[in-house]
Amino acid sequence: MKLALFDLDDTLLSGDTEGEWVNFMIENSIVKDNSFLEKMSVFTRNYRNGSLDIFEYSNFLLSPLDGIRTSDIRDKVEEFSNKVVNKLSDDTTYNLLKRHSSDECVITSGTLSFLVKEISNELGVRHYFGTDAEINNGLYTGKVSGYPNFSDEKVRRVKEWIGYQSFEEIYAYSDSIHDLALLEFSDFPTAVNPDTQLLEVAKKKNWEIDRSRLKS
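Residues in the sequence shown are numbered from 27 upward in steps of one, following this note's numbering.
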């Protein structure tokens with residue numbers, strides 16, 4: 027059996043699901059802070075320049091849900107996930123999944139896990155990891171639970187999940203330098219329309235580079 031590990035945003039899907047989620051929360055009056063989008067743009071810049079505080083960012087994304095029952099948001103999450111998969115799926119999405127249609131597939135993303143769960147279900151991928159939301163007595167607390175599924179934490183969780191399972195080959199796909207550890211963990215890493223830093227690493231290491239989303 028072979029194992030395929032997929033990052034989600036800008037890798038398996040052609041955009042940023044959390045950015046889409048923020049817009050969805052605003053449209054559905056879940057976000058009350060008028061400056062939320064402006065604050066989000068700061069986190070996005072920090073992510074790109076390597077200075078992101080992942081705990082601060084994750085708690086920020088979860089803050090609008092503070093005090094909301096998980097059952098009250100479930101239908102919204104399902105609605106969002108269906109819309110975002112329809113919007114951000116493309117030929118690259120389907121080609122990657124088709125390539126590994128007979129393999130064990132895992133989506134491992136820094137995106138909030140309740141979103142990753144539904145998006146994975148929409149894409150027909152059974153296994154997933156994301157950043158977990160803290161829940162107390164059925165209510166979101168607006169904070170992250172444990173460590174965000176980011177950078178080295180992705181590898182830790184995948185290793186723990188693999189356990190005593192045996193995979194003859196491990197493939198990994200990502201667009202981001204933040205997933206360098208995940209790509210290096212695999213036998214066959216692929217940089218999917220990579221950022222500048224990952225592109226440089228991929229060229230030096232002679233990794234496969236998927237440029238299928240580049241416009242001609």
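Even glycine gets a Cβ: it sits at the ideal position worked out from N, Cα and C.
Excluding residues up to 5 positions away in sequence, nothing lies with its Cβ nearer than 8 Å to the Cβ of residue 53 in the same chain.
If you look at residue 135, you'll find it in the beta strand (DSSP E) that goes 130-138.
If you draw a 10 Å sphere on the C-beta of residue 234, you find fewer than 16 other C-beta atoms in it, and that means exposed. DSSP, read as helix, strand or coil, puts residue 178 in helix. A direct Cα-to-Cα measurement between residue 132 and residue 141 gives close to 15 Å.
Put simply, of 103, 73, 159, 183 the residue whose alpha carbon is nearest the alpha carbon of residue 146 is 103. By the criterion of at least three beta-carbon pairs nearer than 8 Å, the segment 162-176 is in contact with the segment 120-140. In this structure, the beta-carbon distance from residue 186 to residue 27 does not fall below 9 Å. Each residue's CA atom was taken as its position, placing residue 221 and residue 109 some 26 Å apart. Sorting 30, 29, 37 by C-alpha distance to the C-alpha of residue 236 places 37 at the top. With fewer than 16 other CB atoms across the displayed protein chains lying within 10 angstroms of its CB, residue 68 is exposed. Looking at the DSSP output, residue 166 bridges to 161. Rounded to the nearest whole angstrom, the C-alpha separation of residue 189 and residue 34 is 23 Å. Out of 191, 56, 127, 203, the CA that lies nearest to the CA of residue 151 is found in 127. The segment 56-105 contains, as complete alpha helix (DSSP H) runs of 4+ residues, the segments 62-75, 80-88 (chain order).
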